[in-house]
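Have a look at the structure below before the remarks.
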DNA sequence: AGGCGCTTGTGAAGGTGTGCACAAATCGCG
DNA sequence: CGCGATTTGTGCACACCTTCACAAGCGCCT
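Protein chains in written order, with my numbering: chain A, 3 to 253; chain B, 3 to 253.
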């Protein structure tokens, strides 16, 4: 959500093999958002030694229900075996292919404040298909600094470096009032996907995808549920739950 | 999305009255997720001096379309004036009330690695209704360190401090393999809302809300769209947007 | 006072996503 | 070789969300 429409190719037959240069299954947005979670779960299971997983098992590991998982995977084609389950290695390969993770993608990060520093050092990127290849900031006092072995450059160099390094994804970790200007620079540099941590909306051309992560919004949503829970427990019979530790979902 | 059941009250029929005794509008989840965005936009508009906003104007500032915005707001009640628009101050007050932001909420943060440090210093929390009142880590070498004027305590103290400080929201910024244990501790300490940055699924009792933010997943979703776009431009007749800067206001 | 333009609030239609329940497919075993 | 246990893939019904289109309400101007 919060994205713009995604054109979908004309009607490509679903049955067709993957690998086709062109044929791209047009997956529901909701499914796409879950594939990375399945991928993570599969990697865990793979290290744990299993060769195959049932939809039930994988669903539990990914925190969804099994019917949904099966439907999601069926959109990619038929990579399971009835009566057996899914081949872990094969499924990993397929999902990585669909997500375009078979090639390591170059990412640049703009804004090296508190959050930017943390992102630059976050190893979850490197381990999951991405490589931060350049850091930018507008603040001259930060330019030249070295973080995680990468030099912070001035944002003026972004255009040139983006082309040199073939950067298609940019991460914005600047204050809100600088974000739109940065987005404009990124777009002009040919970046077509932006991950925005600044609390503001960005205007970009239709061919550019933007995803937004706003930490405060997440907390506010939780706050709502707190508020709601409080207003419920205030009324009905005594007290809230006994705080036991009943592990709702099977771990 | 990615949340567990929001059990609502028991099996309240659909049509049935909304506001339980407490009269709480039972808002669609999708609406709740957008309210914080409206709130932010309203604060911006308020500072810009406007007394009232039209649904069109607010929608643009929040990055949604106006019909959706009106429907969302209509769920809270009628706080607009036909022919005029919405009173900015009044609407801010209402949304803050619904989100439970009229009281500042105490938050604790567990895990002070790279990301944890950044979160501890993120001023977006303080400015939007939250206060980080305690920091915890399991690593003895971090305990005692002072970050942003707050002492890092050992996680063993979490239970006691959580009660003393009346903490209802916990943020997990630990590695994935520690996250479940931390969640268990939080739950035992009476925390009923968790924001999880660790890339793993958490098992918690049904009365606890969990929201997950996974930075790598966001990138992987963008990667998919990159992949798709690449496989499209490879085929059709010439193309590639002119990179102009045409402000295609996001939908 | 009355009419006119503007903007909200909402019924209804269409689309997307979810979950159930079951047929189809596969394996292992006697 | 056939049977039963198991597990995938999917048709269908339902719930949720989005979008359109318009009536109802409000303020302003004459």
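Note that beta-carbon positions come from the ideal geometry of N, C-alpha and C, so glycine has one too.
The secondary-structure analysis by DSSP pairs residue 148/B across a beta bridge with 153/B. In the three-state DSSP reduction, residue 190/B falls in the helix class (H, G or I). Per DSSP, the continuous beta strand (DSSP E) segment holding residue 198/A begins and ends at 195 to 198. In terms of beta-carbon proximity, residue 96/A stays away from the interface with chain B, with every pair separated by 8 Å or more. Taking the C-beta atoms as reference points, residue 37/A is found nearer than 8 Å to residue 101/A. Using a Cβ-Cβ cut-off of 7 Å, residue 224/A is close to 171, 195, 197, 211, 213 of chain B, given in chain order. For residue 218/A, the chain B residues whose C-beta falls within less than 9 Å of its own C-beta are 38, 42, 124, 126, 127, 129, 130, 131, 132, listed in chain order. In its own chain, leaving out the 5 sequence neighbours on each side, no residue places its CB closer than 7 Å to the CB of residue 130/A. Sequence-distant Cβ neighbours of residue 154/B in its own chain, meaning closer than 8 Å and more than five residues away, are 114, 137, 138, 139, 144, 145, 146, 147, 148.
DSSP assignment within the segment 71 to 141 of chain A yields the following whole beta strand (DSSP E) runs of 3 residues or more, N-terminal first: 87 to 89, 107 to 112, 132 to 139.
Close to chain A, meaning a Cβ-Cβ distance shorter than 8 Å, are the following residues of the segment 78 to 111 of chain B: 100, 101, 102, 103, 107, 109.
Classified as buried, residue 231/B has 16 or more neighbouring CB atoms from the shown chains inside 10 Å of its CB.
Per the DSSP secondary-structure output, residue 171/B pairs in a beta bridge with 109/B, 195/B. Straight-line spacing of the CA atoms in residue 70/A and residue 99/B works out to 35 Å.
At a cut-off of 8 Å between beta carbons, residue 119/B contacts chain A. Residue 176/A sits in coil when the DSSP states are folded into three classes, being neither helix nor strand. Counting along the chain, residue 226/B sits inside the alpha helix (DSSP H) bounded by residues 217 to 235. With at least 16 other beta carbons inside 10 angstroms of its own, residue 47/B counts as buried. Setting aside the 5 residues that flank it on each side, residue 122/A is surrounded in the same chain by 111, 114, 134, 137, 149, 150, 152, each with a C-beta closer than 8 Å to its C-beta; the list follows chain order. Three or more beta-carbon pairs separated by less than 8 Å are not found between the segment 158 to 169 of chain A and the segment 214 to 233 of chain B, which leaves the two stretches without contact.
Exposed is the label assigned to residue 83/A, since fewer than 16 other Cβ atoms lie within 10 Å of its Cβ. Sixteen is the threshold: when 16 or more other Cβ atoms of the shown chains lie within 10 Å of the Cβ of residue 212/A, as they do, the residue is buried.
Here DSSP, grouped into helix, strand and coil, assigns residue 66/A to coil. Any Cβ of chain B closer than 8 Å to the Cβ of residue 151/A would place that residue at the interface, and such an atom is absent. At a cut-off of 8 Å between C-beta atoms, residue 165/B does not count as an interface residue with respect to chain A. Between the C-alpha atoms of residue 198/B and residue 181/B there is a straight-line separation of about 8 Å. In the DSSP assignment, residue 210/B falls outside any beta strand (DSSP E), carrying neither H nor E. In this structure, the beta-carbon distance from residue 185/B to residue 169/B does not fall below 8 Å.
Interface with chain B (8 Å Cβ-Cβ cutoff): residue 227/A is included. Residue pairing of residue 55/B in beta bridges, as defined by DSSP: 88/B. For residue 32/B, the enclosing alpha helix (DSSP H) has its first and last residue at 31 to 49. The Cβ of residue 70/B sits no closer than 8 Å to any Cβ of chain A. Counting of Cβ neighbours within 10 angstroms places residue 105/A among the exposed residues, the total staying below 16. Here residue 68/A has 57, 58, 61 as same chain residues with Cβ atoms under 6 Å from its own Cβ, once five neighbours each way along the sequence are excluded.
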